[in-house]
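Under my numbering, the first residue of the sequence shown carries the number 275, and numbering increases by one thereafter. All C-beta atoms in this analysis are idealised placements derived from N, C-alpha and C, irrespective of residue type, glycine included. What follows is a single structure, written as structure tokens, with notes after it.
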Amino acid sequence: GGLWWAYRWARNRAEAAVFGLLLILIVAVVFARYLPDTARQGLAQGVGLGLLFVVGAGAVGVHRRSAAERRARSEERKNEETRQDRN
């Protein structure tokens, strides 16, 4: 049903986010070895901000998705009620 799809979508989204974060971290670690200390601090802050952004975007996306699904469900319910009234 719809719940299973929502779960699967959220899981795929989470997996993609985790994979992206791992890539970012690996790249950051590799670059950090060749950077001076000041640049390394800046990179660490950038990675931290990136983490916050990805987590925030994921949370907002999941929230929007569930809100849209609830709206669609209530619309379906209204349509069913009007159909029953006609019969």
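Quiz item: Which whole-angstrom value describes the C-beta separation of Val336 and Ala284, a residue pair presumed to lie in contact below a C-beta threshold of 8 angstroms?
Solution: Confirmed, about 6 angstroms.
Self-check item: Helix, strand or coil at Leu325 [DSSP, three-state]
Solution: Secondary structure of Leu325 (DSSP, three-state): helix.
Quiz prompt | DSSP state of Gly308 mapped onto helix, strand, coil | solution = Checking the sequence shown, residue 308 turns out to be Tyr, not Gly. If DSSP states are grouped into helix, strand and coil, Tyr308 belongs with coil.
Quiz item: Hey, out of Leu309, Arg357, Val329, whose CA is closest to Gly294's CA?
Solution: By alpha-carbon distance to Gly294, the top candidate from Leu309, Arg357, Val329 is Val329.
Quiz item: Would Ser334 pass as a contact of Ile298 if the rule is Cβ separation under 8 angstroms?
Solution: The sequence given here has Val at residue 334, not Ser. The answer is no: Cβ separation not under 8 angstroms.
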